[in-house]
Amino acid sequence: MNIIDESGILAISTRLQRLSEQLRKDGALLYKSFDIDFEPKWFPVMLTLHHKEILSVVEIANEIGYTHPSTISLLKELEKQKLIRSKKDKIDERKRLLLLTAKGKELIIRMQPVWALMITVLQEIADNEHNLLQAIQQAEDTLKNQSFLQRAMQLKQQNTSS
0 MNIIDESGIL AISTRLQRLS EQLRKDGALL YKSFDIDFEP KWFPVMLTLH HKEILSVVEI
60 ANEIGYTHPS TISLLKELEK QKLIRSKKDK IDERKRLLLL TAKGKELIIR MQPVWALMIT
120 VLQEIADNEH NLLQAIQQAE DTLKNQSFLQ RAMQLKQQNT SS
């Protein structure tokens, strides 16, 4: 056991990041084993546009839960790869609407068997005594009500006023 593992809850962010990086790295290798050139970081945008078809930048950012700048960065990469394209909104000329290209749609079709395999393997990994996915959902729901920072500042204030 290393110091991060021994640090318990204090290192939760580091451990989640470590787990995420391992899953991303293995995911990238899995796509490669199917001869698919795909970056796992593109997944949230591609999946969202696969299901919602056409969305504005703000709508995509809200759907995937990323900041506007992070979303723009991903969209630029996907446009460069010709997996998505944009068009102007007929109602609001300033607004860019994004959608999958034919190449993007074809890639989604090619990824379907990989996703089916990923679902099976990830269910095996997450379906443990504490159910990882349910635990993450509960933690996210708790943070929606009051952020980590808000909770910490509230506790700090309580400790200084008593």
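When we follow numbering that gives the first Met the number 0, the leftmost residue of the sequence shown carries the number 0, and every step to the right adds one.
Just so you know, even glycine gets a beta-carbon here, dropped at the ideal spot from N, CA and C.
Query	Result
Assign residue 186 to one of two classes, buried (16 or more other C-beta atoms within 10 Å of its C-beta) or exposed (fewer than that).	For residue 186 there is no data in the structure shown, the boundaries of the chain being 0 and 161.
Helix, strand or coil, according to DSSP, for residue 87 in the structure here?	strand
Pull up the CB-CB distance for residue 98 and residue 135, whole angstroms please, since I reckon it's below 8 Å.	Wrong, their Cβ atoms sit about 30 Å apart, outside the cutoff.
Which residues mark the beginning and the end of the beta strand (DSSP E) in which residue 95 is found?	95-99
By a C-beta neighbour count over all protein chains shown, 10 Å radius and 16 as the cutoff for buried, is residue 154 buried or exposed?	exposed
Using a threshold of 8 Å, state whether the C-beta atoms of residue 74 and residue 63 are closer than that.	no
Can you have a look at residue 33 and say buried or exposed, based on whether 16 or more other CB atoms are within 10 angstroms of its CB?	exposed
Kindly indicate which three-state DSSP category residue 54 falls into: helix, strand or coil?	strand
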